[in-house]
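Note sheet for the following structure.
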Amino acid sequence: MQHQRISSVWHQQNGTVTAEFTLVLPSVALMLAFCLTIGALQLQNLRLLAATSWAAREAATSLAETDQRLLVRELTATARRIAAGDSMSLDLKTEGELLCAKGSMPVQPFWSGAKAFQLEQTFCARDRARP
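So the sequence shown is residues 3 to 133, counted in this note's numbering.
Have a look at this one:
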């Protein structure tokens with residue numbers, strides 16, 4: 003008698019796993035998309051940082067030797083290859099004895115309807131052209 007009662011309870015719950023799976027799957031997919039987006043943004047941010055730091059160090063060592071506009075053009079082209087972004091912009095500024103490179107690039111999240119925003123990194127290196 004007891005065995006039939008438990009057995010009938012289990013048979014009445016057919017399809018509950020499917021219903022729970024249907025309710026949970028969209029939220030799991032959203033969390034996965036969110037985590038992938040954050041990871042992709044961090045990777046792009048690290049690339050931008052690498053390009054900006056390289057540009058600051060390179061400019062600090064070779065600014066005295068070349069024209070600044072030509073140097074910025076060359077550094078921007080190489081930094082774009084490092085950062086893997088054609089829309090990256092690079093700006094050089096001197097702050098005391100430091101030469102700072104500021105790199106920025108627009109980033110568009112992959113989901114539709116999201117606004118593009120700017121990633122920015124600034125890196126400074128000691129200007130060797132100045133005593």
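Just so you know, even glycine gets a beta-carbon here, dropped at the ideal spot from N, CA and C.
Through-space distance from residue j to residue i, alpha-carbon basis
i: F125; j: R75; result: 18 Å
i: A58; j: S91; result: 13 Å
i: K117; j: P111; result: 8 Å
i: M3; j: A31; result: Because M3 sits at a pLDDT of 49, beneath the cut-off of 50, its placement in the model cannot be relied upon, and the following sentence gives the value as read from the coordinates. Cα-Cα distance, rounded: 44 Å.
i: I40; j: T63; result: 35 Å
i: F119; j: L27; result: 29 Å
i: R162; j: E22; result: Absent from the structure is residue 162, since the part of the chain shown begins at 3 and ends at 133.
i: R37; j: L25; result: For clarity, residue 37 is Cys in the given sequence; the question names Arg instead. Taking the straight line from one Cα to the other gives about 20 Å.
Under 8 Å between C-beta atoms of residue i and residue j
i: L100; j: A61; result: no
i: E122; j: K95; result: no
i: A2; j: A53; result: Since the first residue shown for the chain is 3 and the last is 133, residue 2 is missing from the structure and cannot be characterised.
i: L51; j: V109; result: no
Under the three-state DSSP convention, the category residue i falls into
i: A57; result: helix
i: Q44; result: helix
i: L103; result: First, the amino acid is wrong: residue 103 is Ala here, not Leu. Looking at A103 - three-state DSSP - the assignment turns out to be strand.
i: S29; result: helix
i: M3; result: Its pLDDT being 49, under 50, M3 is placed unreliably by the model, and nothing is read from it.
i: A52; result: helix
i: A81; result: helix
Reference residue i, options the options, closest by Cα
i: M107; options: L32, R59 and L48; result: L48
i: S89; options: Q46, G98 and A35; result: Q46
i: G98; options: V19, D129 and S55; result: D129
Those residues which DSSP pairs with residue i across a bridge
i: Q123; result: G105
i: E97; result: L100
i: S91; result: S106
i: R128; result: L100
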